[in-house]
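Below is one structure, written out as structure tokens; the observations come after it.
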Ligand code: TEU
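In the UniProt record's numbering, the protein residues as written are 15 to 552.
Rendered as structure tokens:
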């Protein structure tokens, strides 16, 4: 816990507060629930918790629409509780990372409300992107930019006198107006927010949609094939000034506070720019979420990732899933398994037994790689994606798609803690159901059931994390490939450890070893069965 470089090899657990644990029994997860479950997180062995936004919010996008960064949403708790949680976790050796969303605010934020009432031309509007429409009467959208949640990025306002007014920009929902990062108030406010939370003991910030906040003020259309830096609202060169300023704020503290970016970019060189020594410490590597279950493709992904991080000296990160994508046991259980973003697949045939077997193998593979790893809550239990009844879905992605895309709520269903039927210990108040319904067949996936089962996904995660922590080879940076055939992904870590994953259809024989450290499924007569990872003592 004293190591300022803790983040280089950390295991970070993502807490989606609304669905983690329900302390007051009202059907919505909360900070009291998290505090009560800190022993669970300690037993899991994680180094840090990343909390999705927990601030005051209308929940138009699960909290990624922030109304007040300096208060906790009353559904989740209070600022006092957050401070206690941060301190209690730290006493257990667990750090806290919070989520900051620089691209936008909630439309209920006082700044946006003030901008609406102050009207066109007012200084209040300059903190956002208000713009007159095109054409006679300004009836046409200022640009044809497309929102990340489909549809136009522009919504028209009504003037204080009731006439049709200017348009404002939102790369996500209309409830999430984009901020103007050329405005000094916007810069200063975010630096103050960082200090507010660093002062309260948080160890880092996860930066949401980090490549998006800076816009071309001329608002041109998006070119057909934008070159590097040539996109009007993605990865503009000026963006790095923001993160340099934030890094300076983090460095005002004890040298252990970190910036973790959500940087969605295909271009490896442009991605690496965010990881220069005076910018972010790490950024999510989402590449595994786009790879099918294939040894060559996974190896290619690992090689690319390590190669793009090496020049800037930043450690890699490994992410199998998060609150935005299809759960691993579900996607690995599909015929073309692997791709995490295709949600329009209600009813797709899914072999959960195979998916679970592969998710177990993937967990050990990831835990053996150099760098930091993220675990999205519930993946350590092997929860599947839930096909929710349409009428309970709250994710704006569902509505914005006209109902075509079921959205992301299928991976946000409240965790099952104990018991034979829903709500599985999530909440105690019989009058209040969990905010999303849990499946009837989750009794074997509860924390209590899995703690008692030596073969469970939870037991595997605990063993993997404990081994990773105690085995120096696995925290070091050294990795050397072992060539064991086209269907096998194998590498040595340090002197005495190897990880071998069999992606093929038949068992394979293993290289000479002194013993088995851990395996995701039992070996068969000393051979490694399909869809299995083993860690070997060499
Ligand atoms: O997501 C960023 C983002 O670009 C998403 O559109 C992402 O591509 C999509 O969800 C993948 O399926 C972040 C948050 O993680 C997400 O939950 C928020 O909705 C979004 O920002 C807006 O703040």
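Backbone N, C-alpha and C define an ideal beta-carbon position, used for all residues, glycine too.
Do the CB positions of residue i and residue j come within less than 8 Å of each other?
{"i": "residue 549", "j": "residue 515", "result": "no"}
{"i": "residue 186", "j": "residue 162", "result": "yes"}
{"i": "residue 36", "j": "residue 392", "result": "no"}
{"i": "residue 461", "j": "residue 54", "result": "yes"}
{"i": "residue 611", "j": "residue 29", "result": "This structure gives no information on residue 611, because the portion of the chain shown stretches from 15 to 552."}
{"i": "residue 415", "j": "residue 164", "result": "yes"}
{"i": "residue 543", "j": "residue 519", "result": "no"}
{"i": "residue 218", "j": "residue 21", "result": "yes"}
{"i": "residue 399", "j": "residue 340", "result": "yes"}
{"i": "residue 18", "j": "residue 269", "result": "yes"}
{"i": "residue 422", "j": "residue 356", "result": "no"}
{"i": "residue 147", "j": "residue 134", "result": "no"}
{"i": "residue 388", "j": "residue 26", "result": "yes"}
{"i": "residue 253", "j": "residue 291", "result": "no"}
{"i": "residue 210", "j": "residue 84", "result": "yes"}
{"i": "residue 293", "j": "residue 250", "result": "no"}
{"i": "residue 424", "j": "residue 459", "result": "no"}
{"i": "residue 489", "j": "residue 23", "result": "yes"}
Here's the rule: buried if 16 or more other CB atoms are within 10 angstroms of the residue's CB, otherwise exposed. What is residue i?
{"i": "residue 317", "result": "exposed"}
{"i": "residue 419", "result": "buried"}
{"i": "residue 370", "result": "buried"}
{"i": "residue 525", "result": "exposed"}
{"i": "residue 265", "result": "exposed"}
{"i": "residue 405", "result": "exposed"}
{"i": "residue 452", "result": "buried"}
{"i": "residue 111", "result": "buried"}
{"i": "residue 121", "result": "buried"}
{"i": "residue 66", "result": "buried"}
{"i": "residue 177", "result": "exposed"}
{"i": "residue 334", "result": "buried"}
{"i": "residue 149", "result": "exposed"}
{"i": "residue 509", "result": "exposed"}
{"i": "residue 336", "result": "buried"}
{"i": "residue 469", "result": "exposed"}
Pick from the options: whose alpha carbon is nearest that of residue i?
{"i": "residue 435", "options": "457, 174, 445", "result": "457"}
{"i": "residue 552", "options": "523, 519, 372, 513", "result": "513"}
{"i": "residue 295", "options": "275, 346, 123, 375", "result": "275"}
{"i": "residue 375", "options": "245, 547, 144", "result": "547"}
{"i": "residue 466", "options": "59, 229, 395, 72", "result": "395"}
{"i": "residue 534", "options": "475, 18, 337, 169", "result": "475"}
{"i": "residue 365", "options": "384, 17, 345", "result": "345"}
{"i": "residue 298", "options": "309, 312, 286, 348", "result": "286"}
{"i": "residue 87", "options": "31, 424, 116, 133", "result": "31"}
{"i": "residue 438", "options": "137, 19, 15, 41", "result": "41"}
{"i": "residue 247", "options": "291, 118, 216", "result": "118"}
{"i": "residue 487", "options": "381, 153, 388", "result": "381"}
{"i": "residue 517", "options": "222, 313, 148, 23", "result": "313"}
{"i": "residue 278", "options": "258, 225, 291, 255", "result": "225"}
{"i": "residue 343", "options": "397, 410, 138", "result": "397"}
{"i": "residue 538", "options": "61, 522, 215, 195", "result": "522"}
{"i": "residue 104", "options": "216, 205, 203", "result": "216"}
{"i": "residue 115", "options": "138, 273, 169, 109", "result": "273"}
{"i": "residue 138", "options": "193, 481, 307", "result": "193"}
{"i": "residue 208", "options": "260, 245, 485", "result": "260"}
Would the beta-carbon of residue i be found less than 7 Å away from any heavy atom of the ligand TEU?
{"i": "residue 337", "result": "yes"}
{"i": "residue 78", "result": "yes"}
{"i": "residue 298", "result": "no"}
{"i": "residue 32", "result": "no"}
{"i": "residue 422", "result": "yes"}
{"i": "residue 408", "result": "no"}
{"i": "residue 268", "result": "no"}
{"i": "residue 343", "result": "no"}
{"i": "residue 276", "result": "yes"}
{"i": "residue 427", "result": "no"}
{"i": "residue 418", "result": "no"}
{"i": "residue 25", "result": "no"}
{"i": "residue 249", "result": "no"}
{"i": "residue 533", "result": "no"}
{"i": "residue 121", "result": "no"}
{"i": "residue 48", "result": "no"}
{"i": "residue 90", "result": "no"}
{"i": "residue 355", "result": "yes"}
{"i": "residue 302", "result": "no"}
* Could you say if the segment 304-322 and the segment 278-286 meet the contact criterion of at least three C-beta pairs nearer than 8 Å? => yes
* Asked: Does the segment 490-499 come close enough to the segment 62-81 that 3 or more CB-CB pairs lie under 8 Å?
  -> no
* Would you be able to state if there are at least three C-beta pairs under 8 Å between the segment 91-99 and the segment 190-202? => no
* To do: Say whether the segment 97-114 touches the segment 37-53, bearing in mind that this needs 3 or more beta-carbon pairs closer than 8 Å, one atom from each stretch.
  => yes
* Asked: Using 8 Å as the threshold, is the segment 132-150 in touch with the segment 177-186, meaning 3 or more CB pairs across them?
  -> yes
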